Every structure is written in C-alpha cells, then in structure tokens.
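First to last, the sequence lines map onto chains R and Y.
According to my numbering, the residues represented by the first sequence are 1418 to 1703, in order.
According to my numbering, the residues represented by the second sequence are 404 to 834, in order.
What follows is a set of notes on a single structure, which appears directly below.
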Amino acid sequence: MSARAHGAEAISHRSPLKTVAGYTGMVLVLLVIAVPLFWIVITSLKERQDIYVRPAQWFPQPATTANYSDVTTRIPFLDYMRNSIVITGVLSMSKIVLGVLSAYALSLLRFPGRGIVFLVVIAALMVPNQITVISNYALVAQLGWRNTFQGIIIPLAGVAFGTFLMRNQFLNLPTEIIEAARLDGAGPLKLLWRVVLPMSWPTLVAFSLITVVNEWNEYLWPFLMSDDERTAPLPVGLTLLQNNDGVTNWGPVMAGTVLAMLPVLVLFLVLQRQMIKGLTAGAVKS
Amino acid sequence: MNQLTRRGFLGLAGTAGAAGLTACAGTGSPGTGGGGSGSSNTIEFWSNHPGNSKTVEQQIITAFQKENPDLTVKLVDAGKNYEEVAQKFNAALAGGQQPDVIVVSDVTWFNFALNKQLTPLDELLASAGVDTGDYVDALYNDYTFDDGHFALPYSRSTPLFYYNKDLWQKAGLEDRGPKDWDEFKEWSEALKGAVGSDRFALELADGSNYLDWYFQNMAWGYGGAYSQEWTPTFSDPGTVKAGRFLQDLAKSGVVKFNATPEADFSAGLAACILQSTGSLGGISKDATFEVGTAFLPGTDNCPTGGAGVAVPASISDERKANAVKFAEFLTNAQNTVTFTQATGYMPVRKSAVELPEEVSYLEENPNAKTAIDQLPHTRSQDNARVLLPGGGARIGKALDQVAQGQDVAAVFAALDAESQQVFDNQIKSKL
C-alpha cells in the first residue's frame, strides 16, 4: 500500500517536460502500430482507382463496401473461414491440453528419466518446422491424408513451446502450497485442477493466446497439405485474391485481411480481461 | 475423486512427450510406387491460376470433361506464385501423391527436367497426334533440353513498353516508343520536365521483382548478354556498357526502382515503365489517362517469360497419356484465346490469331495487339538467368548494387565467377 502511495506522489511531482516526453513517446508508439492497421481498414473501403493516388487519401472518398462483397463472391470466403476455425480450434485445444499435462508431469511429478524427457522436448523446440516439412509431407501423403483436416492438424499438434513455458511457470509456484494440498489428500489430477492451474491462469491465458494467433496465421504446412477450399484455411485462401502475375486489386485483399483479423481481435479482447483478472488474483494472494 | 496411479501418470507423461515430438517425424520411404498411385481416370492439375484465372481454368476443364466423359480433372490451388507451385511439387516428389499436370515457370522447369522429374513430351505428343508446329516457335522451344521438350507453353508473357500518352504529348514527343535506349536517353530530359518534380520519367521493377528479366533487353541492346550457352558473359563489354547505362539513368534521376512500378504508372507518377503483358488488363483499368504500348527499345531483343504446363516423370504411362491430352487441350487454339483474353497473356498457338473472336478482339484492343506483334521479335532468355539455379535472384541482387552506384565492372565480374561456380557445382556433371 505504502509503495503505491509513494508512486502516486512521484507522478504528481514529475516535471512537465518529462510528462510531455512520455506522452510523445506513447503517441509515437501508438502511431507506429495504428497507422498500418488504419491504412488496411481505409483501403478496404476505397474504390479501385483511389488506392494508388498522390497525395494519399486518408479518408475513402467515396467510401464503398463493394470490396467486402467482392471477397465473399470471388472466393469461397466462408469455407475458408470455417476451415480456419476448425483447424485453429482443434489445434489450440490439443496444444493447450498436451502442453499443460506434459508440463505438469515434467515439473511436479517425480519419475525416472524426467530430465531426459524434458531435454528431448526442448530439443524438439530447436528444430524449425520448415526443416521437417518435406519428411512430414512424405509421411502424411503415404497415409493418404493429403487435403484432410487430420493431415493438417496432427503433424502440427506438437507442443514443445507450451511444455517449456508451462513447466517453468509450475516450477515457480510456491512449494508450500503444493505440499499443503498433497497433505490434505489431493490426488495428482485434483492438485492440477484445483491448485496449480488457478495459480497459473495468466501464463495459461498468454500461452493460449499465442497458440491461437499462431495457428490462425499458420501458412506453410496448410498450404502444402490442402488442395482446395475443402480444407484450406484463410491465409491460404486469401492469396487467391492477389494477382500473381500482373496488377493486384488491393481493395478486396485488404477487406479479406480485415475480416480474417476480426475473430482473433475479439478473442484477444475477451481474453485480455481474463489475463488482468488473473494478474490481480495473484497479487492479493502473495 | 478418481485417484490416478503413478504408473498411469508415467504413461500420460510419455504420451505428452511423444506428442511433442510429432513435430519432427521421420521421413516415410519414398519411391515405392508413391508416384504410381492415384486413379488413372482423374487428372490432377496443379496451378497457381496465373493472372487470377481460376474461373477460366475451371471453364476450360468443364469443356474438356464434356469432350472426354470418362476423365475427370481436379483443379488444385497449388500456390500463390510459380515458386510456391514448385515448392509444393518438390514436397510431393519426396514421396507423396503426384499431380498429373503442373504449372512450371521459365525459371522453375529446368531444375526439375535436369533431375529427371519431368517427362519429355515429344513422344507422348507424337502418339497423341498433336501438331507441335502450331505452337509459337520461340515459346515452345524455351522448354528444350537434351533434345526433348519438357513443357507446353501456357501462360506466356513478354515485357512491354507502357507509356503515358498525355505526358508524351506534353513533352512534345511522337506517339511511339523509343527506337532504342539511346533515343530514350535523348527523350529523358523532355520527359522529366513533363512529368514534374518528385516523379520519374521511367520506373523499373527492383532486383527482387524481376529487374533481371527486363534488363536482359538492355544488355542485348548494347550487344551483351548474360551468357552464351553455359558460359557467363557478364563481363562482356556490351553487358558492362548496359550496366553503366542503367547506372547513369539512376544517377541522373531519370529512373526509379520500385517493387510495383505498374501502380505508380497507373497513378501518373511515372511517364513510362517496362512491365509484363500480363499487367495490361490491370493497368488499363486503373489508369485515368490514355495508355500507350510499344515494343521494347531495340530490335529483336525482347525476352520471353511466363509459364508452361509439364507432366511429372514418375507417374504411370496411362496417366501420362491422359495428362498430355489435357495439357494439349488447355493450350489448343480455342482455349489459348479464351485464356489469354481473360488474363492478358499471349496466345501460344500460331493459328489462334486467325480465329474470328481473336481478330475482332485485337481490333478493339490495339494495346493487346502490340504484344502479339512483338512476339516474332522475341528472343529466348539466357541460360545464366533461367536455367542456373537461383539465377534470377542472383542477377537481380547484382543489378540492385549497380543501381546503388557500385562499380559495374567489379559487380559483373563477381557475378561471372559466381555463376560459373554454380554451373560447375550443380549442372555440369548432370549434362
């Protein structure tokens, strides 16, 4: 409490020059992030001949929604959206479940070979997936899984990163609480569900968010595996809007980008609140 | 609550660990009939739909299936550009189900042909009774290697000289393209005045956007070349002279390098550009002034480009025969007209320009006619760019350095050495 009051005092006594510099910095950072996003949104509302003009048009004049209907008619946008949701949903769920379970086993359960298992998992983290693409392709194609959801999802479901992140989080939990729970007779699953996870909420949410965003944007593997709109996700589908030898009409491309961005943005806003809730819960406890 | 045993948890940890490792699964055993599998009545066509042509391709496929009711063609979205199609095909070669017909560009086909991953088409075409003499010679012969042809021309383009007729008039120039680059140099002062400050007389694509393709025209124009057969000739006095010419244009503020010159040109920010014929449709749609097109400066030194369709080597003979049947149909006179009118590419058949719908189309679109009239004046590209692995990117990078003012002779000498080394290491032993 006293520390916080002290901080407040310091803020009120800060020189105006510093305050101005602070705000300028914040505005600059905001602009760096916001201007490209703003540009995407207004380009998606422009008519074709207004996109490349000098001086640049900062507000679409006239505004049009033709690009959005163009996206949904020129490519099977809803199919790609459905595929993206299926792939991202299943992949994120399995990554989160596998990540939490394996991290739990590697941090709080004692069994022989624990260190070696962890090392092997970490080694997997070091191998970039571009390297394994060709061998994975051969394997999956021989199973006859090309252009199927399982062909796209299963090879991507490995979770070295999640295991690493969650394990470190679990190791940082106070041992007293875990021992107390064990003494009170909590079994391994109860311990995980009632004690360990609630205390790790912010890390778990951050990990989930990173996973969802990564899977949503995944390009290389779904592109190699999918043949058409039956399984291809949005990042692959949206490339059909670009003219690959000639002049691209950027309006529909930007409209597609905005539509593809929305679900993740909504999810982020929802989860962000959860993250803060988790953070404050932790502060009160310690 | 269900108490899990310690043993149960060991198992659980094991599964989790194993799942973590699926990310680096081993390779399957490729080759064992991997390519031979797949139904022989289904033709898989891997395309990047050049020039947004998916609907046209589908339309041609429907026509093909009507003529051949026992065959089905499956159109596969194989990537957003030629390089991605090649990447996907490469993955399939490792042991997946292979396509029957695949789009290969001027720079991607040779490496596959060299490694015997594409079928030479000559015999198959002969037994299917196809008259290959009807293909435009320059385009068909681009795919020659080891006395065989490895692809049929499909979405073929050449660069074109696009100019802004309004600015041309303002600069007091005749309504035509320059005879050669020296004449362009004479015009450049007047053009600079007409286009205004902060804008450019000429814009060219930069080294990562195929400047190496357009620059071939300049190199040939000054008597140079990238290579003679397999010998790199960047240090040839003609090539170096062309490099210096490009550098001078950049130094005197005549030319600007840019990822998308066609966009600036359409917005009136550049008086003229060199661009693919494939951009004609887009530029005509975007530009608010009258667009003129002309032959590239110089005589008979316009490079060809674009892509063809090829057939993999390791599929069964029956599939190959069907594949060739479809590839021929896709590029016959009627369909090449349908395809090129929708996209802006060049008809690949000699007889195509005599079809009534093409005659009337060309009358209405004189700019499209420029490209076809230029076709007899094209020249196949130099090996150092299209056949040496990584050639386009290597030359593009060097041209970027030249444009930034580095010593032309030194940059080109280094390019000579590098190209020779790539040839010695990767090609020589396989010829």
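Note that the Cβ used here is the ideal one computed from N, Cα and C, for glycine as well.
As the structure is a computational prediction, the values presented were derived from the model and not from experiment.
Min CB distance residue i to chain R below 8 Å
i      : result
Y:Q406 : At Y:Q406, the pLDDT of 44 sits below 50, so the modelled position is not reliable; the number obtained from the coordinates is stated separately. Answer yes: the Cβ-Cβ gap between Y:Q406 and chain R drops below 8 Å somewhere.
Y:N704 : no
Y:L363 : Residue 363 of chain Y falls outside the range modelled here, since chain Y spans only 404 to 834, and no answer is possible.
Y:D480 : yes
Y:P573 : The sequence shown places Lys at residue 573 of chain Y, not Pro. No, no contact with chain R.
Y:T691 : yes
Y:E665 : yes
Y:N770 : no
Y:A356 : Residue 356 of chain Y is absent from the model: chain Y starts at 404 and stops at 834.
Y:Q500 : yes
Y:I686 : yes
Enclosing alpha helix (DSSP H) for residue i [first to last residue]
i      : result
Y:G799 : 794-806
Y:W584 : 584-598
Y:Q520 : Segment: none, Y:Q520 is in no alpha helix (DSSP H) and carries neither H nor E.
Y:D615 : 614-624
Y:A771 : 769-777
is_contact[residue i, chain Y] using C-beta, thresh 8 Å
i       : result
R:F1685 : no
R:V1470 : yes
R:Y1485 : no
R:F1587 : no
R:Q1659 : yes
R:I1551 : yes
R:Q1547 : no
R:D1645 : yes
R:F1566 : no
R:F1640 : yes
R:V1507 : no
R:R1465 : yes
Per-residue burial, residue i [other beta carbons within 10 Å of its own, 16 or more giving buried]
i       : result
Y:P715  : buried
R:N1484 : buried
Y:G791  : A small fix is needed here, since residue 791 of chain Y is Leu in this sequence, not Gly. Flag for Y:L791 reads buried.
Y:Q807  : exposed
Y:Q631  : exposed
Y:E731  : buried
R:A1438 : exposed
Y:P706  : buried
Y:L818  : buried
Span separating the alpha-carbon of residue i from that of residue j
i       : j       : result
Y:D509  : R:M1616 : 59 Å
Y:A812  : Y:V533  : 48 Å
R:A1603 : R:I1595 : 9 Å
Y:K772  : Y:L765  : 5 Å
R:N1500 : R:L1684 : 17 Å
R:I1502 : R:W1633 : 8 Å
Y:W616  : R:W1456 : 32 Å
Y:G434  : Y:A495  : Its pLDDT being 40, under 50, Y:G434 is placed unreliably by the model, and nothing is read from it.
Y:T430  : R:A1522 : Its pLDDT being 44, under 50, Y:T430 is placed unreliably in this model, and the value from its coordinates should be taken loosely. Computed Cα separation, rounded: 29 Å.
Y:G439  : Y:N471  : Residue confidence is low: Y:G439 scores 42 on pLDDT, short of 50, so the model does not pin down where it sits. No coordinate-derived value is stated.
R:V1675 : Y:V539  : 44 Å
R:P1650 : Y:V740  : 33 Å
R:I1627 : R:V1681 : 11 Å
R:I1539 : R:A1520 : 12 Å
Y:Y557  : R:S1509 : 42 Å
Y:P779  : Y:T696  : 16 Å
Y:V598  : Y:N768  : 26 Å
Y:H452  : Y:A673  : 29 Å
Y:I718  : Y:D503  : 7 Å
Cβ separation of residue i and residue j, assumed to be a contact under 8 Å, to the nearest whole Å
i       : j       : result
Y:G627  : Y:D803  : That belief does not hold up - the Cβ atoms of Y:G627 and Y:D803 are roughly 18 Å apart, past 8 Å.
Y:F668  : Y:I686  : 7 Å
Y:Q490  : Y:G498  : Actually they do not touch by this definition, with Cβ atoms about 15 Å apart.
R:R1491 : R:P1669 : 7 Å
Y:L652  : Y:L699  : Contact doesn't hold; Cβ gap of about 15 Å is too wide.
Y:D785  : Y:Q619  : 7 Å
Y:S456  : Y:M749  : With a Cβ gap of about 14 Å, Y:S456 and Y:M749 do not count as contacting.
Y:W623  : Y:N704  : 4 Å
Unbroken beta strand (DSSP E) run spanning residue i, endpoints
i       : result
R:Y1485 : Note, R:Y1485: premise wrong, no beta strand (DSSP E); alpha helix (DSSP H) at 1483-1491.
Y:G711  : 708-713
R:P1591 : No beta strand (DSSP E) holds R:P1591; DSSP gives it neither H nor E.
Y:Y557  : 555-560
Y:K659  : 658-661
R:G1516 : Where R:G1516 is concerned, there is no enclosing beta strand (DSSP E), although the alpha helix (DSSP H) it sits in stretches over 1494-1525.
Y:T696  : 694-697
Y:Q678  : 673-679
beta-carbon residue i near the ligand ATP non-hydrogen atom, thresh 7 Å
i       : result
R:G1668 : Although the ligand ATP was asked about, the structure shown includes no ligands whatsoever.
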